[in-house]
């Protein structure tokens, strides 16, 4: 399997399925793990770094799920291919821009990716569309057990899993749910929601995690406390309380828009469609901000020119690395904006 | 009447505190100055930033050089500048300095509840498992989730009899 095989389709997390998929784009869980007998990466030499990389690749590929996985040496990739992995949420931006021996193993359906030598030696990540935390947990818990039965993992009876940064110590778990909240944005309730979430010690971030803006009305909610709460308690809080509550608020906001601002709502949706299907050059941010009302429009039954599958395809392929891959060459600034508009017109033309 | 910050004399004071020691005095500060003084931590900060700020405050009290890891030689000061630890052993060697940070970053928690690696000593696995299951049992009972409580209780009994 190669990067080319990936770009022929959208990953599982863009399938538009799973619980509450009208609001929840995707869910993710990652576990931070380190080898017990190796220094953390901050003080590892290049040689040790390479040894850690080789050891982990060797062992991962001998586990049941690792056998089918695609092994990617991120250090060897060019900028576009690294970008492809970031846009598909298979590696973090930090991992793409890092230095030295590092890589990722990716399951064929892209629901599991294991980053090697990111901040920790190993970050086991599970990713699925909609709210599917239990299914993700079942997958990555099995991977974690398989890896930790082959390798000694840094663990302390009191502190749990020992991680490079003490903010991840304990379970080493981060549960993140990507929410599409245009309703709360348009009704100006979004700040209130974000404040409430932060008061509950949850992190609120943009589409690509840490340090990114809420492009296209996407907000990622994740836990920050990893010590003293079990993996199941954290999952349970997200699945049964935090996320259903925000989803209920968002649905309510959408209802309000339909009842009280019908024309304004429809105007926003159809203008977005007009621009996307006619523009001759368009930026990535503008594309995302126009796809947002269309996504909501499809879920509310107010837009029917194409469905969620086509929309998600445009969402992914209009991003810089995918766009350049599609064109088979690197595109800069203005050229890229023109290529994006061409792609969107063509894709919308094929779908309608 | 709105008060002006006593430090920068410009912004509106929104943080009002009364120091009780050594003598009672009221202070009125704006959010930015209060943050610089280490009195408040703005809510939009990430845990990492909170940690860093807390580390900086600590610098005044201890130099950080007197704590050095037996495993990799990293000092607490190194950790302060890098933001990452050197090796698993650091947690033990630097624990007098680290534990307060950990406690603050994790809502006051200092002990792990959750799974353990397969290679961990059987006794460790058993103990960690029991801690987790007992917590789960309590949660299930509080949530009146009796079916799950019964299941967890069976797991506890199985583990205890090992």
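Chains as they are written, first to last, in my numbering: chain A, 770 to 1121; chain D, 1275 to 1436.
Using N, Cα and C, we set each Cβ at its ideal position, and we do this for glycine too.
Between residue 1370(D) and chain A, is the shortest Cβ-Cβ distance under 8 angstroms, so that the two count as touching?
no
For residue 1427(D), would you say it is in contact with chain A, using Cβ-to-Cβ distances shorter than 8 angstroms as the test?
no
Closer than 7 angstroms by beta-carbon distance: list the chain D residues that pair up with residue 914(A), in chain order.
1392
Under 7 angstroms (Cβ pairs) to chain A, residues found in the stretch 1371 to 1383 of chain D
1372, 1375, 1376, 1379, 1380, 1381, 1383
Using 10 angstroms around the beta-carbon of residue 937(A), count the other beta-carbons present and answer buried if the total reaches 16, otherwise exposed.
buried
Go through its chain and collect everything with a Cβ distance to residue 815(A)'s Cβ below 8 angstroms, but skip five positions before and after it.
869, 870
Under the three-state DSSP convention, the category residue 1065(A) falls into:
helix
Option nearest residue 920(A) by Cα separation, candidates 846(A), 829(A), 1000(A):
829(A)
Counting Cβ pairs, one atom from each stretch, are 3 or more of them under 8 angstroms apart for the stretch 910 to 925 of chain A and the stretch 881 to 895 of chain A?
yes
Chain D beta carbons: is any one of them nearer than 8 angstroms to that of residue 828(A)?
no
Could you tell me which whole beta strand (DSSP E) segments of length 3 or greater appear in the stretch 951 to 982 of chain A?
971 to 974
Classify residue 887(A): buried if its beta carbon has 16 or more other beta carbons within 10 angstroms, exposed otherwise.
buried
Residues bridged to residue 895(A) (per DSSP):
798(A), 881(A)
Once you ignore the five residues that flank residue 875(A) on each side, which residues in its own chain have a CB closer than 7 angstroms to its CB?
838, 839, 841, 859, 882
Could you tell me the boundaries of the alpha helix (DSSP H) in which residue 1371(D) lies?
1369 to 1379
Would you check if there are 3 or more beta carbon pairs closer than 8 angstroms linking the stretch 959 to 979 of chain A to the stretch 801 to 816 of chain A?
no
Buried or exposed, going by whether 16 or more other CB atoms sit within 10 Å of the CB of residue 1057(A)?
buried
Quick check on residue 998(A): does DSSP put it in helix, strand or coil?
coil
Residues from the stretch 1279 to 1300 of chain D in contact with chain A, defined by Cβ distance under 7 angstroms
none
Whose CA, out of 955(A), 943(A), 818(A), 1002(A), lies closest to the CA of residue 973(A)?
943(A)
Quick one: what's got a C-beta closer than 6 angstroms to residue 1066(A)'s C-beta in the same chain, skipping five residues either side?
1038, 1072
Complete beta strand (DSSP E) runs within the stretch 794 to 878 of chain A (minimum length 3 residues, chain order):
839 to 842, 872 to 875
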